[in-house]
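Residue numbering for the sequence shown is -25 to -1, 1 to 350, as defined by mature numbering (1 follows the signal peptide of the UniProt record, and there is no 0).
Ideal Cβ positions, reconstructed from N, Cα and C, are used throughout, including at glycine.
No experiment lies behind these values; they were computed from the predicted model shown.
Please read the structure below before turning to the comments.
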Amino acid sequence: MKRRFIAWAVLLPMLMLLSPLQAWAAGGSAAAGTGSETLLYQVNGTLSDFDQSRVLWTETGNHALWLIDRKDGSQIKVFDAGGSGTVDQAKLTAQGVVFASAGSARYWENGTVRELGVSQRLNAAKGNFAVFSSVVVDLGTGRIRSLPNSGFQNANRFDLAADGTVVYTDSTYTSKLYQSLADGTLTAWVPPNPPYTAYSGVLTDGTNLIYRVLKYTSSGEKWSLRFRDGAGQATELALNPFLGDYFDNSKQAFQIRNGWVAYKAYDKDKGHWILYVRSPEGPTRQVYEGPSSWSVMDIFRRLSLNELGADGSVVFTADNVAYYASAQTNGLVRLPGSSGEYRYLEHVVGGPGGTEYRLGAWYRLSGDSLYGVQV
């Protein structure tokens, strides 16, 4: 395995001394600055997942699964499927690793692997929970919870919170909106009375929801993008064209995190797609406006959300170019890599007198490589 390391223990305290403007270096003008990235890890296989302290990867051929400790660079073999077996859909959890092999879901923690009693596709993991095709598993207790009317083939129709809450829609064109709590409580919302007919693309940050509901209007069908707070109060954020996109990846169109919301909205008067970020307090700012030459359908391939940070910063792609926008300053930073997956993580840094600081860091995961992104 090839590896390069950033000395985070040295860099993070230094960055804490900078003001938010300096630390994020997003610039103050509308013109795009330029970011950079540093190779942190490169493996002989595929990087599956990572967090603040671990990197998970599979060897070429997917026969073995490895876990790297980011603090000291040591690594251990999580599972060996043998010469003809494979490891599939491996993901980190709060305490271990969940993965599938030979059609069976398994969980590794502290050197021990156990089968979960589930023979379904693994779609997502967060905290100590994992979502499969039609169930969610509490990896701490082994309890399996059914998700009625789910049948997930990917992560497009649901979202998982760290406390085990799953919000989702079914696979029909008149879908309800479901919320399954960790204690087994299931709530289903039917679409409001006409002109609303179907829910789609629900996401959660653990407290709030964001979702679409299909609405009939005098000018045709539209997606009403809604934000629902923890008290159940719903607010319409946008009314966008319906493009037959019932079951697309909604995370490319809108995301929610720590009360922040990033979303795309179509301005019919300008004929533009616009990317907005809404703060937890409600004020909304424009991050990017597409050119009027884009057609309505161009939203699928020309403007896509990558990741919303916990501080309201965002990375998005426009015409195959990745950009970073800070929550604190105006202007964009053009990023060198457009492929792969961008992620925002918060690192806890110790200070004088036991004080702890949180510092946000951006990464790009692409195939066999993990990069640290500087903006």
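So if DSSP puts residue i in a beta bridge, which residue, or which two residues, is it bridged to?
i           : result
GLN50       : ILE43
GLN261      : TYR251
GLN349      : SER11
GLY20       : GLU34
TRP164      : LEU152
residue 352 : Summary: the structure shown does not reach residue 352, with the chain confined to residues -25 through 350, and so no result is reported for it.
ALA136      : According to DSSP, ALA136 bridges with nothing at all.
LEU189      : ALA173 and TRP198
Quick check on the burial criterion: 16 or more other C-beta atoms within 10 angstroms. Buried or exposed for residue i?
i           : result
VAL252      : buried
THR9        : exposed
TYR319      : buried
ASP145      : buried
ALA137      : exposed
GLN230      : buried
THR140      : buried
TYR148      : exposed
THR292      : buried
ARG89       : exposed
SER150      : buried
residue 361 : Absent from the structure is residue 361, since the part of the chain shown begins at -25 and ends at 350.
GLY342      : exposed
SER194      : exposed
LYS243      : exposed
ASN281      : buried
GLY3        : In this prediction, GLY3 has a pLDDT of 31, which is less than 50 and means its spatial position is unreliable; what the coordinates show is noted afterwards. That one is exposed.
TYR346      : buried
ASN98       : buried
VAL290      : buried
ALA163      : exposed
Can you name the start and end residues of the beta strand (DSSP E) that residue i belongs to?
i      : result
HIS38  : Looking at the DSSP string, HIS38 is not in any beta strand (DSSP E), and its letter there is neither H nor E.
ARG232 : 229 to 232
SER175 : 171 to 179
ASN215 : 209 to 216
VAL73  : 72 to 76
SER199 : 195 to 203
THR292 : 289 to 293
TYR317 : 316 to 325
LYS239 : 235 to 242
LEU340 : 331 to 341
LEU278 : 278 to 283
ALA157 : Unbroken run through ALA157: none, as it is neither H nor E.
SER79  : 79 to 84
Quick one: residues in its chain with C-beta nearer than 8 Å to the C-beta of residue i, no 5 flanking neighbours on either side, listed in chain order?
i      : result
THR182 : ASP204, GLY205 and GLY234
PRO167 : VAL188
LYS190 : PRO170, TYR171, THR172, GLU196, LYS197, TRP198, SER199 and LEU214
SER94  : GLY78, SER79 and ALA80
ARG333 : GLU321, HIS322, VAL323 and VAL324
SER267 : LYS245, GLY246 and HIS247
SER121 : SER109 and VAL110
Less than 7 Å between C-beta atoms, sequence neighbours within five positions excluded: which residues of the same chain meet that for residue i?
i      : result
ASP134 : VAL142, VAL177, LEU178 and THR179
SER76  : PHE54, ALA56, GLY60, THR61, VAL62 and ASP63
GLN261 : ILE249 and TYR251
THR21  : TRP32, THR33, GLY342 and ASP343
GLY312 : GLU12, ALA297, ARG339, SER341 and TYR346
What residues in its chain sit with their C-beta under 6 Å from that of residue i, if we drop five residues either side in the sequence?
i      : result
ALA228 : LYS239
THR330 : none
ALA100 : LYS66, THR68 and VAL73
ALA209 : ARG201 and ARG203
THR259 : TYR251 and ARG253
LEU156 : THR140
GLU316 : LEU340
ILE51  : LEU42
SER225 : GLY176
PRO123 : none
Closest to residue i by C-alpha separation, out of the options, would be which residue?
i      : options                           : result
LEU278 : GLN70, TYR263, ASN85 and ASP286   : TYR263
GLN128 : LYS101, GLU84, VAL236 and ARG96   : ARG96
LEU31  : ASN131, VAL236, ILE43 and GLU282  : ILE43
SER125 : PHE107, ASP244, SER268 and GLY347 : PHE107
SER344 : ALA7, GLN17, LEU161 and THR33     : GLN17
TYR174 : ALA39, TYR221 and THR87           : TYR221
VAL110 : GLY102, ASN103 and ILE119         : ILE119
THR116 : GLU84, PHE25 and GLY58            : GLU84
GLY58  : LYS46, LEU40 and ALA285           : LEU40
SER301 : HIS38, PRO327 and LEU283          : LEU283
VAL296 : ALA285, SER314 and GLN303         : SER314
LEU340 : ASP24, VAL165 and PRO123          : ASP24
THR192 : TYR186, PRO216 and THR304         : PRO216
ALA348 : ASP26, LEU310, ARG45 and GLY219   : A quick correction: the sequence has Val, not Ala, at residue 348. Considering only alpha carbons, the answer is LEU310.
GLY71  : SER28, GLY92 and ASN37            : SER28
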